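Note sheet for the following structure.
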Amino acid sequence: MISTKEKVLDTVLGSETKARVLRFLLRHSSQAFKLGEIARIINQNYNTTASFIDDLEQIGIVQKSSNKDSASVVYGINSNFRNYEELRDFCLKTFPVSTENLIKELKDAGKVRLAILQGVFLNQGAVNIDFFVVADDIDDKKFGKVVKGLEADVGQEVNYTLMNTSEFTYRYNIYDRFVRNILKRKHISLIDDLKLQAN
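Residue 190 in numbering that gives the first Met the number 0 is what sits at position 191 of the sequence shown, and the numbering runs on without skipping anything.
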């Protein structure tokens, strides 16, 4: 299991905002966004986001243009930037979350028995599930906050499934294809109180 106290890219760049801005724009390299939209999606302060994007524009990583429909200013990644490929590979292949903090947040949200990361977290391309959780007595608001934080960190929507222990146990025991495929695919096991890794 990958175990990290800190988010590597955040540490290298010096801030969470910088890491989230770059990941978001790199994951949506064919699109351009308004400043406010970027700040909202990555869940960061508008002024801090604007300041960093301005810095990126000055060195050619980000390019500014006008939206043809609304005449508003939008920003997108400059794929013609000299070191674009290297920057993209480094930012997107660096593990995006602190597993230590994520485990704490999950345990605070309910009785979590199993938590798995795969898909976007391991750069596996288009898969059905990125985040799989088995839990009881879950606090929906707290769990929703966890998901929102993950989406801000990786720079895109996270496909997740949450099920209770009884449903999971039943589906696991009848060799349900959906559940078994999740477990069979390469993944990071954050919590495994069900001891599946020993099976």
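Yeah, the Cβ is synthetic: ideal placement off N, Cα and C, and Gly gets one too.
In this text, all values refer to a predicted model and were calculated from it rather than measured experimentally.
For residue i, three-class secondary structure by DSSP
i	result
S14	coil
G102	The sequence shown places Ile at residue 102, not Gly. I102: helix per DSSP, three-state reduction.
R81	coil
K110	strand
D129	coil
I181	helix
A38	helix
L116	strand
F94	coil
L189	strand
D135	strand
C-alpha distance - residue i paired with residue j, whole-angstrom precision
i	j	result
N82	E15	22 Å
F89	P95	11 Å
N44	Q30	21 Å
F80	G59	6 Å
R39	T47	12 Å
N158	V133	15 Å
L8	F51	15 Å
G148	N42	8 Å
L113	D107	14 Å
Any chain C beta carbon closer than 9 Å to residue i
i	result
A114	Judged by its chain identifiers, the structure shown contains no chain C, having just a single protein chain.
Cβ neighbour criterion (16 or more within 10 Å) applied to residue i
i	result
S2	Because the pLDDT of S2 is 48, which lies under 50, any placement of that residue in the model is unreliable, and the question is left without a value.
Q123	exposed
E36	exposed
E84	exposed
Only counting runs of 4 or more residues, tell me where the alpha helix (DSSP H) segments fall wholly within the region 47-79, in order along the chain.
For secondary structure counted as the alpha helix (DSSP H) over 4 or more consecutive residues, the region 47-79 holds no complete run.
Per the contact definition of three or more C-beta pairs closer than 8 Å, is the region 18-36 in contact with the region 154-165?
Two segments are said to touch when three or more pairs of C-beta atoms, one from each, lie closer than 8 Å; by this definition the region 154-165 touches the region 18-36.
Could you tell me which uninterrupted beta strand (DSSP E) segments, each at least 3 residues in length, are contained entirely in the region 139-167, listed from first to last along the chain?
159-162, all fully within the region 139-167.
Within the chosen definition, does the region 99-117 reach the region 176-188 through at least 3 CB pairs nearer than 8 Å?
Because the criterion of three Cβ pairs below 8 Å is met, the region 99-117 and the region 176-188 touch.
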